[in-house]
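Residue numbering for the sequence shown follows this note's numbering, beginning at 48 and increasing consecutively.
The beta-carbon is built from N, C-alpha and C at its ideal position, and this holds for glycine as well.
Scroll down for the structure; my scribbles are underneath it.
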Amino acid sequence: MIAAARQAAYDVLRAVSSGRADLGTALALSRKKLGDERDRALAGEIATGTLRWQGAFDHLITTYAGRPLRKLDPEVLDILRLTIFQLLHLDRIPAAAAVKDAVDLTGKAGKRSAAGLVNALLRRISRERDRLPLPPRPDDPSDRDAAIRYLSITLSHPAWLMARWMDRHGFDAAERWARFDNSPAPLTLRANRLKCTREQVAEALGREGIDTEPTRRAEDGLLVRGGNPLATALHEEGLFLVQDEASQLVGAFAAAVPGERVLDACASPGGKTTAMAAAMDGRGLIVAADVRGRRVQLLAQTVARSGAPHVRIVQADATRPLPFGEVFDRVLLDAPCSGLGTVRRDPDIKWRRREEDLAGLAEAQLAMLGHAAAVLRPGGRLIYATCSSEPEENDGVVERFLAAGAPFTRDGEPLRTLPFRDGLEAFFAAMLVRAKDLR
């Protein structure tokens, strides 16, 4: 009988590989089918780890199978990938059990003719795990081809993306960035200052057996070192929210002030909305908008749990002119983007994105920035943010917006987090001020 966690991990990978769902959605669906928390955790670990190391695994499969990936059935390919992850990265799982389940999965997927290949390839990888044919770290990083082969294959990132990071930041930084992406992301919380302080949350979680430590840069953040805080009543009581540390910094960078009228134009799931609500101490108004019904519903749940009293939720599309006049003192546009700054948490992104996607994303972001600017009062502040690592979506959008003659000026230096420098996901935020006198 195939282990439940391996079956679930396979189902997740098939959903992601076929384009039916992203990793987060596929994992959420798989968890509903698993009754044991240990199975849910293992399935998530296998699926996420497989996607992190997919580039290296595909190189091994091609080498040992002696054929290109396109010659393998996609079901067989996912079975090989998830089992190689178990063989190379999960010592607690016996190799024989992992290989047997892989062969059984192959038959269950209707690909019994590939069972011999699956069995032989996986057993060979298990035997040769200490001498796998992966490109070594180059002695001379100035050898561009060797450097990119190592970064893209051995460290499992798309070659086009590694070339970009290396050209901008150098080989050592690109290597550190790739290793950062390949490490498991910690669970990060933000204390809800509308109800309690970070210290009070840490103490309350400690009484529930949850071990935490303060984040280095985010003033309200906590890193979870042990236990599951989402299984406690404290979560439903709204004492904290799950929010990445770099994302928390963007909420703080927005610098909302009590008494202001604020628009969060792409607000779901609501982390930055509720952070600004806390900064405003219940005084003023936040209009939190998103475009899709399910996103608006998630946003409403987050706001309700937080207890923020002055948030109004609307469904609005920032890719079109927004249904407001020039009434807001502050507008946050956390624009939809490539997500390439969040590869550590969402490793499927690096395989779904293509370099040619960036131009189209930047065009949409520029249009949204114009729509957000149009509802800001003279003298108001506009914050543009993304979770992208790429300059076309960040400084490039801001520069094009200003170059087109928009009556705005920069306010200080942008917020920019970089994994190799800061140990955080790559986020960007810039603040612009609208001119007071437009005559």
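Remark: C-beta atoms of S203 and N229 approach each other more closely than 8 Å.
Proximity of the region 455 to 463 to the region 399 to 406 falls short of the contact definition, fewer than three beta-carbon pairs being nearer than 8 Å. DSSP places G102 within a helical segment (H, G or I) once states are collapsed to three.
Distance between T259 and C243, taken at the CA atoms: about 16 Å. The C-beta distance from P370 to R330 rounds to 25 Å, too long to fall under 8 Å, and the pair is not in contact.
Cβ contact annotation for A221 (same chain, cutoff 7 Å, sequence separation greater than five): L198, M209, W212, M213, in chain order. Judged by DSSP in its simplified three-state form, E222 adopts helix.
Runs of alpha helix (DSSP H) with 4 or more residues, each lying fully within the region 90 to 151, are found at 101 to 112, 121 to 136, listed in chain order. If you draw a straight line from the Cα of A482 to the Cα of A421, it is about 12 Å long. In the three-state DSSP reduction, T259 falls in the strand class (E or B). Going by beta carbons, A51 and L81 fall inside the 8 Å limit.
Boundaries of the alpha helix (DSSP H) around I195: 191 to 196. In the structure shown, P438 falls within a helical segment according to DSSP collapsed to helix, strand and coil.
DSSP places A432 in the strand class (E or B) of the three-state scheme.
Cα atoms of L429 and K79: separation of roughly 40 Å, rounded to the nearest angstrom. Excluding sequence positions up to five before and after D105, its CB lies within less than 7 Å of the CB of L116, all in the same chain and listed in chain order. With 16 or more other Cβ atoms inside 10 Å of its own Cβ, E472 counts as buried. With respect to L252, L234 sits apart: the two C-beta atoms are not nearer than 8 Å.
Below 8 Å, too few C-beta pairs join the region 265 to 284 and the region 329 to 345 to call them touching: fewer than three.
A112 and R85 have their alpha carbons spaced roughly 33 Å apart. Taking the C-beta atoms as reference points, A336 is found no nearer than 8 Å to G317. Around the beta carbon of A94, a 10 Å sphere encloses 16 or more other beta carbons of the protein chains shown; the residue is thus reported as buried.
Scanning its chain for C-beta atoms nearer than 8 Å, with the 5 sequence neighbours on each side dropped, one finds around R264 the residues E292, L296, D469, L471, in chain order. When C-alpha distances from E410 are compared across G426, P383, R391, the shortest belongs to P383.
Around the CB of Q290, 16 or more other CB atoms lie within 10 Å, so the residue is classed as buried.
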